[in-house]
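Colleague: A single structure is presented below for examination.
Numbering (this note's numbering), first residue to last: -12 to 539.
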């Protein structure tokens, strides 16, 4: 084992001999990425649909690769692989959930694209025209977006701090701020087409890097996966329980129902994130959207297999104790693995570490910009464009950029302010809001003709409020040593996530609200039928010129 410990007691996996070349190569990669960004950005483009959904011009293969790239986030790359390295089976089951989520979105993709709409507010308006549904969509989008951005930025700071050999808390905060500013700049100037190119490159580079790092690790165990798994269990923090469920300490004592709820939240919540809905809408037709999802599902499956292999390899090569020295969820495991599979002092080792760090940077760059961009589109279209008075295309584009700045600034500030707390649980909260406040509404909208305004508002607000109340009242916030505030105790809700209650409750509220409403249950003008075909034209019309207001 050759990982170094600096005098300050922090982890230095690279070593002083290789740190300089790695940092220089990494900075060169960042510089090239920024230069490429300027060639992709369309800062002078003021046509909303070209900014938001690339004028619906993305081919099935290209958009399929980009959709797969949406799954390769900083959290999946670093946190999920860290979960696998530290907690074995529990982390692997989460990785499988990510693949299943693409299957759920495959069910909805063609109907979303055939509707001609691309924000949650638009889709909610299919059954409840007016500002109430768009306000609900904006609130749900914010509740999903800000926690996701906070965790992505935090994970990026940890990985960069580890790269420069200063993984103490202060350096992690500084790296989080610096990388957040850089990634935020990309988010502000990019559009969907620009981020799509970056997503495609990320998929290719990530799959190649993970394949290489896994093969190098496997070669150390006589190319036998069984030997690698045995070594991973032996070098883990719990050899007897590593390959069995229940090792993750924050959920170990909460029972099997908690595990079921967590799988439901990850699968359903990941499938209906606003950035994925926006990308589906960029397809040329409903059939091409479905084909894109099929391609993305195949690439996503390959990513999950390689990610899982890399996680187990990190446990076998590096060891659980060293990985946990970075943080409790092992976010540094991919870089630690890259630093150990090749001999120290070799040029190939420097190249491999740089490649892994570059993959993490691309994941941060694309994820933060994609998630923030989708939320900003929701604000520009569902809030600004629906206000009183004239609304121009140029004004809407300007609001989009201002919203992006505000979202990144708020998320970065919050991520820095609570950097000493275990913020990874915010991902589960965000996915719980999506699974409770978005998934039931979309399922009813496309598959139940009697769904109406009351049902939608009850479902969305009920799912959102239950997610917040039950999360605050759960062991995530108080009551255990792994909580945000372990010294307090008001965790009357016994499960780690609210999805076990909030998802079925939101489905019930949507059903009972629709049945008890005196309103008509027919879709509004411009909606889609349950077959997915257009039944009107108003909702797909382009915004009017500067002399008039936007439609719908």
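Where is the CB? At the ideal position from N, CA and C, for every residue including glycine.
Only a predicted model underlies this, so the values are computations on that prediction, with no experimental measurement involved.
Check whether the Cβ atoms of residue 283 and residue 51 sit closer than 7 Å, and answer yes or no.
Modeller: Yes; because the gap between Cβ atoms is below 7 Å, this pair is in contact.
Colleague: Need the endpoints of the alpha helix (DSSP H) that residue 35 sits in, please.
Modeller: 35 to 40
Colleague: DSSP three-state label for residue 479, please.
Modeller: coil
Colleague: In three-state terms, what does DSSP make of residue 113?
Modeller: coil
Colleague: Helix, strand or coil for residue 465? Go by DSSP, reduced to three states.
Modeller: strand
Colleague: May I ask which residues mark the beginning and end of the alpha helix (DSSP H) holding residue 271?
Modeller: First-last for residue 271: undefined, no H or E at that position.
Colleague: Exposed or buried, which one is residue 315 when buried takes at least 16 other CB atoms within 10 Å?
Modeller: exposed
Colleague: What would DSSP say about residue 45, mapped onto helix, strand or coil?
Modeller: strand
Colleague: Rounded to whole angstroms, what is the Cα-Cα separation between residue 305 and residue 320?
Modeller: 8 Å
Colleague: Given a cut-off of 7 Å, decide if residue 395 and residue 171 are closer than it, judged by their beta-carbon atoms.
Modeller: yes
Colleague: From which residue to which residue does the alpha helix (DSSP H) around residue 495 run?
Modeller: Residue 495 -> alpha helix (DSSP H) spans 486 to 503.
Colleague: Is DSSP giving residue 445 helix, strand or coil here?
Modeller: helix
Colleague: State whether the segment 449 to 468 contacts the segment 481 to 490, with contact taken as three or more CB pairs (one from each stretch) at a distance under 8 Å.
Modeller: yes
Colleague: Which class does residue 472 belong to by DSSP, given the choice of helix, strand or coil?
Modeller: DSSP places residue 472 in strand when its eight states are reduced to three.
Colleague: So residue 215 and residue 205 are supposed to be a Cβ contact under 8 Å. How far apart are they, rounded?
Modeller: 6 Å
Colleague: Leaving out five residues on either side along the sequence, give the residues of the same chain with a beta carbon under 8 Å from the beta carbon of residue 67.
Modeller: 78, 81, 82, 85, 294 and 298
Colleague: What did DSSP end up calling residue 249 once you bin it into helix, strand or coil?
Modeller: helix
Colleague: With distances taken Cα to Cα, identify the nearest neighbour of residue 108 among 252, 73, 362 and 155.
Modeller: 362
Colleague: Assess, as a yes-or-no matter, whether the segment 401 to 408 is touched by the segment 450 to 459 under the definition of 3 or more beta carbon pairs within less than 8 Å.
Modeller: no
Colleague: Check the C-beta distance from residue 351 over to residue 54 and give it rounded, since I have them as a contact under 8 Å.
Modeller: No, residue 351 and residue 54 are not in contact; Cβ-Cβ is about 18 Å, not under 8 Å.
Colleague: Assign residue 365 to buried or exposed, taking buried as 16 or more other Cβ atoms, counted over all protein chains shown, within 10 Å of its Cβ.
Modeller: The residue is buried, with at least 16 neighbouring Cβ atoms inside 10 Å.
Colleague: Please look up how many angstroms separate the CB atoms of residue 111 and residue 120, rounded, as I've assumed it's under 8 Å.
Modeller: Their Cβ separation, rounded to whole angstroms, is 4 Å, which keeps residue 111 and residue 120 in contact under 8 Å.
Colleague: May I ask which residues mark the beginning and end of the alpha helix (DSSP H) holding residue 128?
Modeller: Counted as a single uninterrupted DSSP element, the alpha helix (DSSP H) harbouring residue 128 occupies residues 118 to 150.
Colleague: Can you check which of these residues, 409, 160, 95 and 162, is closest to residue 317 by C-alpha distance?
Modeller: Answer by Cα proximity: 409.
Colleague: Decide if residue 7 is buried, meaning its Cβ has at least 16 other Cβ atoms within 10 Å, or exposed.
Modeller: exposed
Colleague: Going by DSSP, what residue range makes up the alpha helix (DSSP H) through residue 224?
Modeller: According to the DSSP assignment, residue 224 belongs to no alpha helix (DSSP H), since it is labelled neither H nor E.
Colleague: Quick one: measure Cβ to Cβ for residue 367 and residue 383, integer angstroms, because I've assumed they're closer than 8 Å.
Modeller: 5 Å
Colleague: Does the beta-carbon of residue -8 have 16 or more other beta-carbons within 10 angstroms, so that it is buried, or is it exposed?
Modeller: Per-residue confidence for residue -8 stands at a pLDDT of 36, beneath the threshold of 50, marking its modelled position as unreliable; no derived number is given.
Colleague: Using only alpha-carbon positions, find the residue among 190, 158 and 273 that is nearest to residue 291.
Modeller: Closest by alpha carbon: 190.
Colleague: What is the DSSP secondary structure of residue 208, reduced to helix, strand or coil?
Modeller: Look at residue 208 here: in three-state DSSP terms it is coil, with no helix or strand label.
Colleague: Kindly indicate which three-state DSSP category residue 539 falls into: helix, strand or coil?
Modeller: Because residue 539 carries a pLDDT of 32, less than 50, the predicted location of this residue cannot be relied on, and the following value inherits that uncertainty. Of the three classes helix, strand and coil, the one that applies to residue 539 here is coil, per DSSP.
Colleague: Residue range of the alpha helix (DSSP H) that residue 157 falls in?
Modeller: 156 to 176
Colleague: Which class does residue 23 belong to by DSSP, given the choice of helix, strand or coil?
Modeller: helix
Colleague: Going by beta-carbon coordinates alone, are residue 60 and residue 354 separated by less than 7 Å?
Modeller: yes
Colleague: Run through DSSP, which three-state label would residue 388 get?
Modeller: helix
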